[in-house]
Amino acid sequence: MTGPDAHQRRREDVAAAVWRVLDQAGFAGLSMRAVARELDGTTGIVTHYFPTKRELTSFALELLADRSGARERPAAPPGLAALRAALRGMLPLDEASRTANRIWVSSWDAALADERHAAEHAERYRASRKKIAALVTDSLAGGERDDESVDRITQTLHAFVLGMTVQAVLDPDAYPPERQTALLDALLAVHVHA
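Quick note on the numbering used here: the sequence shown kicks off at 738 and runs consecutively.
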């Protein structure tokens, strides 16, 4: 098969190889050569789709964000339950989310070394906070809170999730899923009174 379908299928093969490299070695191990090895091919195959390491890394970040966004999460009723479900969905509570979060944490190194990657990360975090803010607003009883309070609560919850993720990725025995969930619930009880 040739044409656009074959091109798209090959690009998906490269994407799968990128994911496997990230899963095994994180962003530190992501290279044209590593992806080519994973494809059992040459670097020429990889550079056909991603001419530079930067393009490969950007693609890997997009792939990670897409996979994280596409993960199935249990439906929750509106209000506090939806906020809790969204925040739990960001934590490394199962094997798939542990893998994604481990890769995500390793991607920060790429962001620190490249202003464009840093800007892309910052934009993703802004979008994440915007979604959380909408859920916080829906969770607060009677809309009693002002924008400043919603913003403070949103930033607190977002910072908690990011910090908990790092700790759970680096020290999973100290932060098993039950502990992560209990700490999240305690934080929600303090900040969100539905």
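Every residue gets a Cβ at the ideal spot worked out from N, C-alpha and C, and that includes glycine.
No experiment lies behind these values; they were computed from the predicted model shown.
Closest Cα partner of residue i within the set the options
i      : options                           : result
TYR786 : ALA754, VAL927 and PRO815         : ALA754
THR836 : PRO741, HIS928 and VAL906         : VAL906
LEU776 : VAL751, PRO788 and LEU798         : VAL751
SER834 : SER805, ARG821 and GLU852         : SER805
LEU759 : THR780, ILE840 and ARG821         : ILE840
ALA847 : GLN761, THR779, GLY778 and ARG791 : ARG791
Whole-angstrom distance between residue j and residue i, CA atom to CA atom
i      : j      : result
HIS858 : SER844 : 9 angstroms
VAL842 : VAL903 : 7 angstroms
ARG770 : TRP756 : 14 angstroms
SER795 : HIS854 : 7 angstroms
LEU876 : ILE890 : Just to set this straight, residue 876 is Ser in the shown sequence, not Leu. Distance between the alpha carbons of SER876 and ILE890: 11 angstroms.
ASP922 : VAL873 : 14 angstroms
PRO815 : VAL929 : 14 angstroms
LEU920 : LYS868 : 21 angstroms
ILE782 : ASP910 : 40 angstroms
GLU860 : ALA773 : 30 angstroms
ALA733 : LEU793 : Not covered by the structure: residue 733. The range shown for the chain is 738 to 931.
LEU896 : ASP851 : With the sequence shown as reference, residue 896 is identified as Ala, and Leu is not the correct amino acid for it. Whole-angstrom Cα-Cα distance: 22 angstroms.
PRO913 : ALA818 : 21 angstroms
Rounded distance between the beta-carbons of residue j and residue i, thought under 8 angstroms
i      : j      : result
VAL887 : ALA870 : 6 angstroms
LEU925 : ARG821 : 6 angstroms
Spatial neighbours of residue i in its chain, beta-carbon cut-off 8 angstroms, leaving aside the 5 residues before and after
i      : result
LEU849 : ALA855
Own chain, CB closer than 7 angstroms to residue i, minus 5 neighbours either side, in chain order
i      : result
PRO829 : ARG835, ASN838, THR902, ALA905 and VAL906
GLN917 : LEU828, LEU830, MET901 and ALA905
Three Cβ pairs or more, each shorter than 8 angstroms: is that satisfied between the segment 743 to 750 and the segment 765 to 772? no
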